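Worksheet: one structure, shown below.
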Amino acid sequence: MEAIDQEARPVQSLDWGVLKWLVSPDDTEGARLTFGEVLLLPGKGHGRHNHPESEEVLYVLSGQARQMLDDGEERWFDIGPGDTIYVPQGMYHATINSGWQPIRLLAIYNPGGAERVLRDLPDFDEGAGPGWTVSAGE
Numbered sequence: 207m208e209a210i211d212q213e214a215r216p217v218q219s220l221d222w223g224v225l226k227w228l229v230s231p232d233d234t235e236g237a238r239l240t241f242g243e244v245l246l247l248p249g250k251g252h253g254r255h256n257h258p259e260s261e262e263v264l265y266v267l268s269g270q271a272r273q274m275l276d277d278g279e280e281r282w283f284d285i286g287p288g289d290t291i292y293v294p295q296g297m298y299h300a301t302i303n304s305g306w307q308p309i310r311l312l313a314i315y316n317p318g319g320a321e322r323v324l325r326d327l328p329d330f331d332e333g334a335g336p337g338w339t340v341s342a343g344e
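The sequence shown maps to residues 207 to 344 in my numbering.
Set out below in structure tokens:
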């Protein structure tokens, strides 16, 4: 077994940002979860949604955002570097970049596959995206 080749993984883009799934059941033999990096553009984010079949963990690498869990105005809170957000299976949630620079997140779905719904969105695009990789120490 070798390390995952980040450059070989496609970049997915939407109006609110870009994603690179590094491990998923669709392209990693034996994988049952999905793991990747997400960049949300300033003022953008993924609005209220849920994953009926998967729990999710988000880890903030850099940037600032507002996070909502379990609906309701009182459920919004600020997140930043080093914060970890656990989203139980089926819970509604949203993440909106509140800073002036992209927010970088690591995302895990368990079980994997929740990311497949992105392909059906009208602003979805997928390409090679040269130079876009997860880099240690940024």
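From the three backbone atoms N, C-alpha and C, an ideal C-beta is built for every residue, glycine too. Predicted, not measured: the structure shown is a model, and the values here were computed from it.
Query	Result
Reduced DSSP category for Leu324 - H, G, I as helix; E, B as strand; rest coil	helix
Buried or exposed (CB count within 10 angstroms, at least 16 for buried), Trp282	exposed
Integer-rounded CB distance, given that Pro248 should sit under 8 Å from Gly305	6 Å
Proximity below 8 Å, CB of Ile273 to CB of Thr240	The question names Ile, but residue 273 is Gln in the sequence shown. The answer is no: Cβ separation not under 8 Å.
Leu315, buried or exposed, once every other Cβ within 10 Å from all chains shown has been counted against 16	Per the sequence shown, the amino acid found at residue 315 is Tyr instead of Leu. The residue is buried, with at least 16 neighbouring Cβ atoms inside 10 Å.
Assumed close pair Leu324, Leu220 - CB separation to whole angstroms, cut-off 8 Å	7 Å
Delimiting residues of the beta strand (DSSP E) encompassing Trp282	282-285
Residues sharing a beta bridge with Glu262, DSSP	Val293, Tyr315
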